[in-house]
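*Asks:* Sharing a structure with you now.
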Amino acid sequence: MQQGVAATEQRNAASVDAQHVGWVEARNPASTPRQAGFINPAYLLALAAALAIAFLSGCSRDGKPAALKFNTTDITGASFGQSLSLNDAATQQPRTLADFKGKATVFFFGYMFCPDYCPTTMTTLNAALAKMKPSDAENVNVVFVTVDPKRDVPAELTKYVNAFNPKFKALYGTDEQTAAVAKEFKIVYQKAQIKDENTYLVDHSTQMYVFDPQGRIRLLVRHEAGADTIAADLSTLLRS
Numbered sequence: 064m065q066q067g068v069a070a071t072e073q074r075n076a077a078s079v080d081a082q083h084v085g086w087v088e089a090r091n092p093a094s095t096p097r098q099a100g101f102i103n104p105a106y107l108l109a110l111a112a113a114l115a116i117a118f119l120s121g122c123s124r125d126g127k128p129a130a131l132k133f134n135t136t137d138i139t140g141a142s143f144g145q146s147l148s149l150n151d152a153a154t155q156q157p158r159t160l161a162d163f164k165g166k167a168t169v170f171f172f173g174y175m176f177c178p179d180y181c182p183t184t185m186t187t188l189n190a191a192l193a194k195m196k197p198s199d200a201e202n203v204n205v206v207f208v209t210v211d212p213k214r215d216v217p218a219e220l221t222k223y224v225n226a227f228n229p230k231f232k233a234l235y236g237t238d239e240q241t242a243a244v245a246k247e248f249k250i251v252y253q254k255a256q257i258k259d260e261n262t263y264l265v266d267h268s269t270q271m272y273v274f275d276p277q278g279r280i281r282l283l284v285r286h287e288a289g290a291d292t293i294a295a296d297l298s299t300l301l302r303s
């Protein structure tokens with residue numbers, strides 16, 4: 064069973080590219096040792112014990128997260144989203160993925176002047192936290208990463224995310240840092256409908272990524288996901 068989970072994770076991680084994220088979950092029925100139509104009771108006891116340990120620990124024997132059922136896309140074991148080096152808009156201090164360990168963390172890439180996807184996503188995330196138990200919601204970070212560092216200056220960026228929720232965080236970087244993080248997270252973005260150097264839109268990927276409290280990338284959440292779906296998956300993740 065462990066090998067089956069690992070193989071599924073490898074197939075999931077391999078199926079992502081920078082232009083399109085398409086995940087296919089494969090399940091193979093587990094084989095059960097039988098003899099003349101009879102299941103060995105000792106085997107059943109051993110299986111029950113193994114399942115109990117897996118659910119209690121939330122991890123497989125090799126230290127990887129145990130398989131859980133999510134409503135969004137499980138990308139446990141993905142090879143991307145492993146590093147981040149940007150600045151906190153509120154404090155202007157450097158931040159890495161390690162700074163967000165200890166809580167589940169949702170990363171969304173967008174920009175302040177976005178007319179549609181960004182405000183709706185941030186509103187949905189705020190609604191998702193409101194649907195969770197307060198103790199669970201306290202253990203979730205929501206982090207907005209700007210893909211328009213030229214216009215999204217730190218002070219205004221902080222005001223922007225705090226308008227949705229005073230606990231939401233924002234990150235920014237140089238053009239080079241932003242491009243590097245976007246590549247690492249398989250985010251595509253480019254300027255569009257340019258009128259002048261300060262008047263334009265930015266076309267960008269709209270998926271969210273969720274990390275567990277141990278700092279491991281676990282879920283891909285599409286923009287269409289509703290608050291109920293996100294709240295349920297975050298709660299499940301916190302209990303894993």
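Adding 63 to a residue's 1-based position in the sequence shown gives its number in our numbering. Each residue gets a CB set at the ideal place from its N, CA and C atoms; glycine is no exception.
Going by DSSP, which residues form a beta bridge with N150?
*Replies:* Along the sequence shown, read from residue 1 onward, the residue named residue 150 stands at position 87. Its beta-bridge partners are P157 and Y235.
*Asks:* Give the straight-line distance between the Cα atoms of L131 and M195, rounded to the nearest whole angstrom.
*Replies:* On the sequence shown, position 68 is the one that residue 131 refers to. On the sequence shown, position 132 is the one that residue 195 refers to. Straight-line Cα distance between these residues: approximately 19 Å.
*Asks:* Counting pairs of Cβ atoms below 8 Å between the region 260-272 and the region 230-240, do you hit three or more?
*Replies:* Short answer: they don't touch.
*Asks:* What does the alpha-carbon distance come out to for the pair D275 and P229?
*Replies:* Within the sequence shown, the letter at position 212 stands for residue 275. Within the sequence shown, the letter at position 166 stands for residue 229. If I take the Cα positions, the gap works out to 22 Å.
*Asks:* Are the CB atoms of A161 and G289 nearer to each other than 8 Å?
*Replies:* Translated into the one-based positions of the sequence shown, residue 161 becomes position 98. Translated into the one-based positions of the sequence shown, residue 289 becomes position 226. No, they are not a contact pair.
*Asks:* Expressed to the nearest angstrom, what Euclidean distance is found between the alpha-carbon atoms of T135 and S298?
*Replies:* Sequence index remark: in the sequence shown, residue 135 carries index 72 (1-based). Sequence index remark: in the sequence shown, residue 298 carries index 235 (1-based). Going from the Cα of T135 to the Cα of S298 covers about 13 Å.
*Asks:* Classify M271 as helix, strand or coil using the three-state DSSP reduction.
*Replies:* Taking the sequence shown and counting its residues from 1, one reaches residue 271 at position 208. Note: M271 maps to strand in three-state DSSP.
*Asks:* Say whether the region 209-222 touches the region 160-177, bearing in mind that this needs 3 or more beta-carbon pairs closer than 8 Å, one atom from each stretch.
*Replies:* In short, these stretches touch, since the Cβ pair count reaches three.
*Asks:* Looking at the structure shown, is L283 part of a helix, part of a strand, or coil, going by DSSP?
*Replies:* In the sequence shown, the residue the question calls residue 283 occupies position 220. Strand, per DSSP.
*Asks:* Sorted by chain position, which residues of the same chain lie with C-beta nearer than 7 Å to K166's C-beta, five sequence neighbours on each side aside?
*Replies:* To locate residue 166, count along the sequence shown from 1; it is residue 103. Excluding positions up to five away in sequence, the list reads N202, V203, N204 and P276.
*Asks:* Please report how far the alpha carbon of L287 lies from the alpha carbon of P182, in whole angstroms.
*Replies:* For the purposes of this step, residue 287 is identified with residue 224 of the sequence shown, where counting begins at 1. For the purposes of this step, residue 182 is identified with residue 119 of the sequence shown, where counting begins at 1. According to the sequence displayed, residue 287 carries Glu and not Leu. Using only the alpha carbons, I get a separation of about 13 Å.
*Asks:* To the nearest angstrom, how far is the alpha carbon of T154 from that of T168?
*Replies:* For this step, residue 154 is matched to residue 91 along the sequence shown. For this step, residue 168 is matched to residue 105 along the sequence shown. Cα to Cα, T154 sits roughly 19 Å from T168.
*Asks:* Would you mind stating whether Y252 and G144 have Cβ atoms separated by less than 8 Å?
*Replies:* The residue you call residue 252 lines up with position 189 of the sequence shown. The residue you call residue 144 lines up with position 81 of the sequence shown. Their beta carbons are not under 8 Å apart, which means Y252 does not touch G144 by this criterion.
*Asks:* For I257, collect the residues of the same chain with a Cβ closer than 7 Å to its Cβ; drop the 5 residues on either side in sequence, then sort them by chain order.
*Replies:* The sequence position of residue 257 within the sequence shown is 194, counting from 1. If we look at I257 and ignore the five residues flanking it on each side, its Cβ neighbours are Y263.
*Asks:* Hey, out of D211, D266 and R158, whose CA is closest to A255's CA?
*Replies:* Start at 1 with the first residue of the sequence shown, and residue 255 comes out as number 192. If we check each option's Cα against that of A255, D266 comes out closest.
*Asks:* Can you check whether the CB of D296 is closer than 8 Å to the CB of F133?
*Replies:* Taking the sequence shown and counting its residues from 1, one reaches residue 133 at position 70. Taking the sequence shown and counting its residues from 1, one reaches residue 296 at position 233. Result yes, Cβ atoms of F133 and D296 sit closer than 8 Å.
*Asks:* Counting C-beta neighbours from all protein chains within 10 Å, is the total for Y285 16 or more, i.e. buried, or is it exposed?
*Replies:* Numbered from its first residue, the sequence shown carries residue 285 at position 222. In the sequence on display, residue 285 carries Arg and not Tyr. So R285 counts as exposed.
*Asks:* For my contact list, T186 and F248 are in at a C-beta cut-off of 8 Å; report their separation, rounded to the angstrom.
*Replies:* Here residue 186 refers to the residue found at position 123 when the sequence shown is read from its first residue. Here residue 248 refers to the residue found at position 185 when the sequence shown is read from its first residue. Not confirmed; about 22 Å, so no contact.
*Asks:* Mind checking which residues open and close the alpha helix (DSSP H) that includes Y223?
*Replies:* Here residue 223 is taken as the residue at index 160 of the sequence shown, counted from 1. P217 to F227 is the span of the alpha helix (DSSP H), which, as asked, contains Y223.
*Asks:* Tell me whether K254 sits in a helix, a strand or coil according to DSSP, three-state version.
*Replies:* Within the sequence shown, numbered from 1, the residue matching residue 254 stands at position 191. In this structure, K254 counts as strand in the three-state DSSP scheme.
*Asks:* List the DSSP bridge partners of D259.
*Replies:* The residue given as residue 259 occupies position 196 in the sequence shown. Bridge partners of D259: T262.
*Asks:* Is it true that the CB of L300 sits closer than 8 Å to the CB of V208?
*Replies:* Walking along the sequence shown from the start, residue 208 turns up at place 145. Walking along the sequence shown from the start, residue 300 turns up at place 237. Going by C-beta atoms, V208 is not nearer than 8 Å to L300.
*Asks:* Assuming A44 contacts V206 (C-beta within less than 8 Å), just tell me the rounded distance between them.
*Replies:* In the structure displayed, the chain extends from 64 to 303; residue 44 sits before or after that span and is not available.
*Asks:* So for N204, helix, strand or coil by DSSP?
*Replies:* Locating residue 204 in the sequence shown gives position 141, counting from the first residue. Of the three classes helix, strand and coil, the one that applies to N204 here is strand, per DSSP.
*Asks:* Which residue marks the beginning of the alpha helix (DSSP H) containing T168, and which one marks its end?
*Replies:* As a working note, residue 168 is residue 105 in the sequence shown. Counting along the chain, T168 falls outside any alpha helix (DSSP H), though it belongs to the beta strand (DSSP E) covering A167 to G173.
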